[in-house]
Amino acid sequence: QQQVKQSPQSLIVQKGGISIINCAYENTAFDYFPWYQQFPGKGPALLIAIRPDVSEKKEGRFTISFNKSAKQFSLHIMDSQPGDSATYFCAAREVGNEKLTFGTGTRLTIIP
Amino acid sequence: ETGVTQTPRHLVMGMTNKKSLKCEQHLGHNAMYWYKQSAKKPLELMFVYSLEERVENNSVPSRFSPECPNSSHLFLHLHTLQPEDSALYLCASSQEAPRADYGSPLHFGNGTRLTVT
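Residue numbers (this note's numbering), protein chains in the order written: chain G, 1 to 112; chain L, 113 to 229.
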């Protein structure tokens, strides 16, 4: 049973556009939601994270929107650039538990 | 050296071979992890070591054997693997806090690309 469902599997966005990746979860004990960015040949790196006491968190061009009642959260990349082309993973974690549950990943390609 | 270093970067082994993956973290963290990354699947947590003690073993087959001699080093010993074990194996570390806190984010190495022939 997949606890964090991520969509789409792949996404192509024109340079300057908005990239949107969505995740949904089932476990109501999840209380921390990070996004990781992975470039080819590299390990994932933390991009941005949110806790459910806020509905939105913004860091530069990257924004997480969180809907606790719907058990959904999404990553928005504004003014998408070719350098943003990577695979993005959402994840979720329970408080006090070392284990992160990951989504299946979204391969994002930004075209000029 | 900074961050999390994994060696080797690539490994090709036959099903009867024995090999080991090595991970070293230079971040002063107290927890280390092995993840398996396969195409179109979520990252799969294999093992967690917190303060050098194994706290998680996600029903991983015994042909994978972890070792954590100290808080900076983590090994994954491999023997009699199957072709379906071919994947990217990622090591990660974090600074775990007491319960009711979130600790620090996972810091991943660049992985070992394993091919079993």
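Virtual Cβ for every residue (Gly too), placed ideally from N, Cα, C. Note that the coordinates shown come from a computational prediction; the quantities given were computed from them, not determined experimentally.
Unbroken beta strand (DSSP E) run spanning Thr117/L, endpoints | 116-119
For the beta strand (DSSP E) containing Met125/L, list its first residue and its last residue.
-> 122-125
Residue from Asp79/G, Ala92/G, Thr87/G, Thr106/G whose Cα sits closest to the Cα of Gln14/G | Asp79/G
If you measure from the beta carbon of Pro120/L to each beta carbon in chain G, is any gap under 7 Å?
-> no
Rounded to the nearest angstrom, how far is the Cβ of Ile12/G from that of Ser74/G, given a contact under 8 Å?
-> Contact flag wrong, Cβ pair sits at about 18 Å.
Hey, how far is the Cα of Ser174/L from the Cα of Leu186/L?
-> 17 Å
Could you tell me how far apart the beta carbons of Leu202/L and Tyr147/L are, in whole angstroms, since I believe they sit closer than 8 Å?
-> 4 Å
Indicate whether at least one CB of chain L lies closer than 7 Å to the CB of Leu46/G.
-> yes
At which residue ranges does the stretch 145-218 of chain L contain complete beta strand (DSSP E) runs of 3 or more residues, listed in the order of the chain?
-> 156-162, 165-169, 176-182, 185-191, 199-206
Flag Lys99/G as yes if its beta-carbon sits less than 7 Å from any beta-carbon of chain L, otherwise no.
-> yes
Compare the C-beta of Asn222/L with all C-beta atoms of chain G and state if any pair is closer than 7 Å.
-> yes
Mind pulling the beta strand (DSSP E) runs of 3 or more residues that sit fully within the stretch 56-103 of chain G?
-> 56-59, 62-67, 72-77, 86-94, 100-102
Which word fits Val124/L, buried or exposed, when buried means at least 16 other C-beta atoms lie within 10 angstroms of its C-beta?
-> exposed
Thinking just about the alpha-carbon of each residue, which of Ile18/G, Ala29/G, Ser10/G is nearest to the one in Ala92/G?
-> Ala29/G
Any C-beta of chain G under 7 Å from that of Pro304/L = Because residue 304/L is not part of the residues shown, which for chain L are 113 to 229, the question remains open.
Determine the DSSP secondary structure at Pro34/G, reduced to helix, strand or coil.
-> strand
Between Pro8/G, Ser10/G, Phe33/G, which lies nearest to Phe102/G when the distance is taken from Cα to Cα?
-> Phe33/G
So is Phe39/G buried or exposed if we call it buried at 16+ other beta carbons inside 10 Å?
-> exposed
Distance, Cα to Cα, His122/L vs Gln37/G?
-> 21 Å
Would you identify the three-state DSSP class for Phe39/G, choosing helix, strand or coil?
-> coil
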